[in-house]
């Protein structure tokens, strides 16, 4: 079973969780071996399934692997919650949210985790104007 999170990922997610909880959301981090990061509730009711990313630079558009958004869309429908991406650029605050939807533009994307030279994958492009600051 693949491990999806590093210790740094978990630390960043905890910082994002604190920000979301300060705004009234209830947040549960998923396990290290789960392909999403957070389950979010509002007023005691399930609200969203989320992927959280912290990036050093804010690109326009933000590219994310198609499989990640496709997973969130599928799980959102299955669970009856919003499928969302939550990003921070530079420091943890502020957070930006994008509600996943079908019909996003795709393009090739070269990952570069730790200089490994991962293969080119297909990514969805999310324009900067579609991110909502929270």
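In our numbering, the protein residues as written are 877 to 1010. Glycine residues also receive a C-beta, built at the ideal position from the N, C-alpha and C atoms.
Could you tell me the alpha carbon to alpha carbon distance between residue 959 and residue 951, rounded to whole angstroms?
7 Å
What runs of the beta strand (DSSP E), each 3 residues or longer, lie entirely inside the stretch 883-939?
901-905, 914-918 and 921-931
Among 961, 894, 923 and 914, whose alpha-carbon lies nearest the alpha-carbon of residue 945?
961
Taking C-beta to C-beta, are residue 996 and residue 985 nearer than 8 Å?
yes
Any idea what DSSP makes of residue 981, helix, strand or coil?
coil
Determine, using beta carbons only, whether residue 924 and residue 949 come nearer to each other than 8 Å.
no
Leaving aside the five residues before and after residue 921 along the sequence, list all residues of the same chain whose C-beta is less than 6 Å from its C-beta, in chain order.
none
Closest by C-alpha distance to residue 940, when choosing among 1000, 1009, 964 and 1004:
1000
Enumerate in chain order the residues of its own chain whose CB-to-CB distance from residue 931 is below 7 Å, with the five nearest sequence positions on each side excluded.
963 and 965
Going by beta-carbon coordinates alone, are residue 1002 and residue 911 separated by less than 8 Å?
No, they are not a contact pair.
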